[in-house]
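Here's the structure we're looking at; comments come further down.
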Amino acid sequence: MNSHQASNWSDLAKEFTWKTDFKSELSGGFEKGDITWFKEGSLNICENLLDRNIEAGLGEKTAFFWEPNELNNSLKKSFSYNEVLTEVSKFSNALKESGIKKGDVIAIYMPMVPEAVFASLACSRIGAVHTIVFGGFSKEALRSRLIDSKTKLIVTAKTCYRGNKTIDLLGVAQEASKDLDHLSHLVFVDNSDTSANEQSGLNQISYTDFVKGMPTTFEPVYVEAEHPLFILYTSGSTGKPKGLVHTTGGYMVWSAFTFKEVFQFQDDDVFWCTADIGWITGHSYFLYGPFLNGATQVMFEGVPTYPNPDRFWKVIEKYKVSHFYTAPTAIRSLQCLGDDWVLNSDLSSLKVLGSVGEPINLEAWQWYNDIVGKKECEIVDTWWQTETGGVMISNIPGKTQAKPCLATKPLSGINPALLDQNANVVHDNNQEGILCISKPWPGIARTILNDHNRYLETYMKPFPGYYYTGDGAKRDDDGDYRIIGRIDDVVNVSGHRIGTAEVEDVINKSGLVIESAVVGIPDETTGQALLAFGIVSSTDSSEVLENKVNEAIKEKIGSFSKVKKFVIVKDLPKTRSGKIMRRLLRKVATKDENLGDTSTLLNPDCILEIKKSLY
Ligand code: WT7
Numbered sequence: 001m002n003s004h005q006a007s008n009w010s011d012l013a014k015e016f017t018w019k020t021d022f023k024s025e026l027s028g029g030f031e032k033g034d035i036t037w038f039k040e041g042s043l044n045i046c047e048n049l050l051d052r053n054i055e056a057g058l059g060e061k062t063a064f065f066w067e068p069n070e071l072n073n074s075l076k077k078s079f080s081y082n083e084v085l086t087e088v089s090k091f092s093n094a095l096k097e098s099g100i101k102k103g104d105v106i107a108i109y110m111p112m113v114p115e116a117v118f119a120s121l122a123c124s125r126i127g128a129v130h131t132i133v134f135g136g137f138s139k140e141a142l143r144s145r146l147i148d149s150k151t152k153l154i155v156t157a158k159t160c161y162r163g164n165k166t167i168d169l170l171g172v173a174q175e176a177s178k179d180l181d182h183l184s185h186l187v188f189v190d191n192s193d194t195s196a197n198e199q200s201g202l203n204q205i206s207y208t209d210f211v212k213g214m215p216t217t218f219e220p221v222y223v224e225a226e227h228p229l230f231i232l233y234t235s236g237s238t239g240k241p242k243g244l245v246h247t248t249g250g251y252m253v254w255s256a257f258t259f260k261e262v263f264q265f266q267d268d269d270v271f272w273c274t275a276d277i278g279w280i281t282g283h284s285y286f287l288y289g290p291f292l293n294g295a296t297q298v299m300f301e302g303v304p305t306y307p308n309p310d311r312f313w314k315v316i317e318k319y320k321v322s323h324f325y326t327a328p329t330a331i332r333s334l335q336c337l338g339d340d341w342v343l344n345s346d347l348s349s350l351k352v353l354g355s356v357g358e359p360i361n362l363e364a365w366q367w368y369n370d371i372v373g374k375k376e377c378e379i380v381d382t383w384w385q386t387e388t389g390g391v392m393i394s395n396i397p398g399k400t401q402a403k404p405c406l407a408t409k410p411l412s413g414i415n416p417a418l419l420d421q422n423a424n425v426v427h428d429n430n431q432e433g434i435l436c437i438s439k440p441w442p443g444i445a446r447t448i449l450n451d452h453n454r455y456l457e458t459y460m461k462p463f464p465g466y467y468y469t470g471d472g473a474k475r476d477d478d479g480d481y482r483i484i485g486r487i488d489d490v491v492n493v494s495g496h497r498i499g500t501a502e503v504e505d506v507i508n509k510s511g512l513v514i515e516s517a518v519v520g521i522p523d524e525t526t527g528q529a530l531l532a533f534g535i536v537s538s539t540d541s542s543e544v545l546e547n548k549v550n551e552a553i554k555e556k557i558g559s560f561s562k563v564k565k566f567v568i569v570k571d572l573p574k575t576r577s578g579k580i581m582r583r584l585l586r587k588v589a590t591k592d593e594n595l596g597d598t599s600t601l602l603n604p605d606c607i608l609e610i611k612k613s614l615y
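For the sequence shown, our numbering assigns the number 1 to the initial residue and increments by one for each residue that follows.
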């Protein structure tokens with residue numbers, strides 16, 4: 001794909017194979033949330049990703065190297081584009097045999113194993129919709145997603161290897177899948193020696209048996225450009241996760257274009273994005289963007305520090321990775337372990353280092369630049385969201401200037417605006433505003449599954465005529481953007497997006513508290529951490545309660561949403577209408593003396609009490 005300026009999205013779209021040509025570029029808009037790209041066009045994204053590249057001569061090229069966890073003794077470690085197509089076709093045939101049709105939803109609850117790629121791409125080949133659920137989600141979180149999306153078939157693996165631990169993923173998937181009318185099949189990758197229990201009521205079959213004897217070709221099923229490609233759940237400022245729906249044509253163009261543009265990727269380069277496929281980064285910059293561009297990638301099942309803290313660097317050395325894309329939280333935690341782990345690896349293949357997921361702090365940026373990149377690599381700080389489908393603001397290697405800690409400039413065709421609380425555009429530079437986008441782009445999520453109204457309320461209604469990002473930002477005199485962070489009740493812990501309302505919901509339902517409030521506070525390693533305040537009736541100590549609360553969170557959401565600290569309080573600060581002032585709690589917790597006028601609170605005295613419990 002050409003990396004010319006995208007003055008015209010149609011030109012980019014025409015570089016792909018369409019079954020039927022599209023008639024218009026953009027129709028619809030933010031107001032009704034009826035954004036439509038490439039109307040009347042029909043295509044198959046999997047054909048564009050595999051067949052099109054194979055026809056262009058890339059059949060024997062390595063699509064990806066698989067670096068399994070050390071404990072996982074699987075054999076095959078790399079797959080050419082031809083081999084991926086064969087595996088995807090077999091799985092597509094098996095899905096069809098199981099009665100899966102265009103538009104049906106398939107859940108992928110898998111570790112970073114090659115079968116996850118084959119199964120996901122097979123969905124797109126047959127026009128089914130995948131919903132990939134991060135393997136760290138608990139059985140209840142998985143179950144609620146299966147129900148919301150009316151999943152017909154789930155693909156999982158027996159075991160998830162994480163560092164030196166093994167997790168019984170199949171067991172979780174089985175529990176989550178119990179007695180759901182719409183769910184008929186469970187397919188599992190048989191990746192360990194443990195025996196698999198039978199699950200009554202479900203057609204349970206191993207991946208190997210599922211694809212056994214299946215034909216190695218499968219005609220792609222053509223879908224309209226706006227046909228849903230995947231659903232990806234993400235947290236918002238209210239309790240229930242949102243199933244964001246991304247559609248085929250626009251997402252294809254956006255993920256492919258942004259990959260090529262932001263990373264300035266060349267044919268012989270090797271790309272490694274460390275994100276799990278359960279997050280949007282793993283979708284856009286592993287599953288789709290790079291493969292659409294015929295790239296060679298690394299798929300990594302491990303963790304950064306196992307068996308040693310040089311795991312990332314050894315993988316870069318082994319595969320001669322040229323483009324490495326990770327999150328600030330990983331950079332910070334590796335920085336803590338000392339430079340020697342980096343210096344003892346040959347990283348001379350590196351050209352571009354990417355950062356994503358949260359603002360990168362100066363110390364981490366410098367370490368990434370000086371120690372990992374030896375001051376010879378370009379660092380790209382890429383700002384985007386699950387909702388945007390791909391990078392929106394980033395410097396471009398060789399084209400625009402990087403600035404430590406600034407995402408810098410919007411990509412061509414993207415028009416950000418900073419607005420104040422009254423929806424006035426902030427024209428002055430160096431002023432904080434709410435980051436909004438003023439025109440639809442091809443990769444924007446089109447709706448929230450089963451709740452279009454919530455989509456409109458969350459993104460389109462706050463400032464009519466704009467897409468509302470939920471982030472605060474500043475623009476400097478060069479027109480470069482610095483992202484400050486969320487302005488809503490969404491917290492970013494180790495790059496995981498967590499809605500504080502969702503965590504409060506779990507704590508409130510645990511029976512341990514009368515009332516609770518959860519806020520995000522800065523944390524040196526994880527960026528932000530969760531702090532929970534609770535009014536309690538029991539005599540348990542805060543440590544005991546913290547453990548109990550975290551057990552509940554682990555069960556209902558997943559361990560990554562655990563609170564760092566549980567603080568017992570007598571009362572929580574509230575407005576006269578009874579709304580908990582989380583902003584105030586955050587300030588108190590971070591020792592910010594500038595609390596503003598607290599006299600209008602229902603219970604101003606509680607602030608002093610809370611300070612006493614905290615410090
Ligand atoms: C939120 C989106 C983008 C894929 C991974 C996270 C924060 C993301 C940056 C960055 C500062 C960033 C924002 C955004 N964020 N990238 N380069 N600099 N903040 O996707 O889970 O949808 O989270 O992550 O706050 O709104 P997500």
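Cβ atoms here follow ideal geometry from the backbone N, Cα and C, with glycine treated the same way.
Distance cut-off 8 Å: residue i Cβ against heavy atoms of ligand 1
| i | result |
| --- | --- |
| D471 | yes |
| S355 | yes |
| E515 | no |
| I360 | yes |
| I610 | no |
| A501 | no |
| T458 | no |
| H246 | no |
| I147 | no |
| A407 | yes |
| T238 | no |
| R497 | yes |
| T326 | no |
| N203 | no |
| T386 | yes |
| G485 | yes |
| W279 | yes |
C-alpha distance - residue i paired with residue j, whole-angstrom precision
| i | j | result |
| --- | --- | --- |
| T274 | N53 | 24 Å |
| K403 | S510 | 46 Å |
| S3 | V105 | Confidence at S3 is low in this model, with a pLDDT of 46, below 50, so its placement is unreliable and no value can be given for it. |
| L229 | V129 | 5 Å |
| K611 | V588 | 7 Å |
| S80 | G57 | 12 Å |
| K14 | F324 | 29 Å |
| V352 | F286 | 16 Å |
| T238 | T590 | 24 Å |
| A6 | K32 | Model confidence at A6 stands at a pLDDT of 49, short of 50, so the residue's coordinates are unreliable and nothing is read from them. |
| L292 | Y251 | 11 Å |
| K314 | N203 | 41 Å |
| S322 | V270 | 5 Å |
| Y455 | W384 | 18 Å |
| G59 | A225 | 26 Å |
| P68 | V569 | 46 Å |
| A173 | K139 | 7 Å |
Beta-carbon proximity check, residue i vs residue j, cutoff 9 Å
| i | j | result |
| --- | --- | --- |
| I132 | L95 | no |
| P410 | F263 | no |
| A417 | L435 | yes |
| P633 | E97 | Within the shown structure, residues of the chain are numbered from 1 to 615, placing residue 633 beyond reach of any answer. |
| L153 | I100 | yes |
| A107 | I277 | no |
| L530 | V563 | yes |
| S394 | V372 | no |
| V253 | W37 | yes |
Buried/exposed call for residue i, threshold 16 Cβ in 10 Å
| i | result |
| --- | --- |
| R576 | exposed |
| V513 | buried |
| Q335 | buried |
| E615 | In the sequence on display, residue 615 carries Tyr and not Glu. Result: exposed. |
| D489 | buried |
| P604 | exposed |
| I360 | buried |
| K90 | buried |
| H283 | buried |
| S120 | buried |
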